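So in the numbering used here the end of the sequence shown lands on 683, straight run, no missing numbers.
Built from N, CA and C at the ideal position, the CB exists for glycine as well.
Bear in mind that the values here come from a model prediction, so they are computed numbers and not experimental data.
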Amino acid sequence: MSYIAMNRFKIREGAEAEFENIWKSREGRLKEMQGFQEFRLLKGPEGEDHTLYSSHVIWDSKDDFEAWTKSQQFRDAHKNAGKRKGVSPIMGHPQFEGFETVLSES
578 MSYIAMNRFK IREGAEAEFE NIWKSREGRL KEMQGFQEFR LLKGPEGEDH TLYSSHVIWD
638 SKDDFEAWTK SQQFRDAHKN AGKRKGVSPI MGHPQFEGFE TVLSES
């Protein structure tokens, strides 16, 4: 069964386009990794001062995900994180959540 790795982000009100552009312009190298199935950036509900986003990656297994976190591709994809000038669009740190699939329908 698959493994889903998610990060939740609280994005400052008015900085949604900037955050989305960061993802669009990053060096994504997930397709090079064994076990990678799919990536999605999800936009969720708006709060009083933020919009909730989640990055959502489906892997064949937890081992494949962990291999990604130790890879050069991971380092390349995250090399500019936190190096932006001015106020970050992200409020606080992302919240990681990892899930192993126990039931699936399609």
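| task | Assign W645 to one of two classes, buried (16 or more other C-beta atoms within 10 Å of its C-beta) or exposed (fewer than that). | result | Here residue 645 is taken as the residue at index 68 of the sequence shown, counted from 1. It counts as buried.
| field | Rounded C-alpha distance that separates E593 from L618 | value | Looking up residue 593 in the sequence shown gives position 16. Looking up residue 618 in the sequence shown gives position 41. Their Cα atoms are separated by approximately 12 Å.
| field | Q649 - DSSP class collapsed to helix/strand/coil | value | Here the question's residue 649 lines up with position 72 in the sequence shown. In this structure, Q649 counts as helix in the three-state DSSP scheme.
| field | Whole-angstrom C-beta distance between M668 and K587, which should lie under 8 Å | value | As a working mapping, residue 587 is identified with position 10 in the sequence shown. As a working mapping, residue 668 is identified with position 91 in the sequence shown. So it is a contact: roughly 4 Å between Cβ atoms.
| request: Would you mind stating whether M578 and S631 have Cβ atoms separated by less than 8 Å? | output: If you number the sequence shown from 1, residue 578 lands on position 1. If you number the sequence shown from 1, residue 631 lands on position 54. No, Cβ-Cβ distance for M578 and S631 is not below 8 Å.
| field | Reference V664; option with closest CA among G605, E590, R603 | value | Locating residue 664 in the sequence shown gives position 87, counting from the first residue. Ranking the options by Cα distance to V664, first place goes to E590.
| message | Between the alpha carbons of I635 and D626, how many angstroms are there, rounded? | response | Your numbering for residue 635 matches position 58 in the sequence shown. Your numbering for residue 626 matches position 49 in the sequence shown. When rounded, the distance between both Cα atoms is 29 Å.
| Assuming F676 contacts I599 under a Cβ cut-off of 8 Å, what Cβ separation, rounded to an integer in Å, is found between them? | Position 99 of the sequence shown, counted from the start, is the residue given in the question as residue 676. Position 22 of the sequence shown, counted from the start, is the residue given in the question as residue 599. Contact flag wrong, Cβ pair sits at about 25 Å.
| Once you ignore the five residues that flank H633 on each side, which residues in its own chain have a CB closer than 6 Å to its CB? | Your numbering for residue 633 matches position 56 in the sequence shown. Result list for H633: M583, R617, L619, in chain order.
| request: Would you list the one or two residues that DSSP bridges to M583? | output: Residue numbering aside, residue 583 sits at position 6 when the sequence shown is read from its first letter. Looking at the DSSP assignment, M583 forms a beta bridge with H633, E674.
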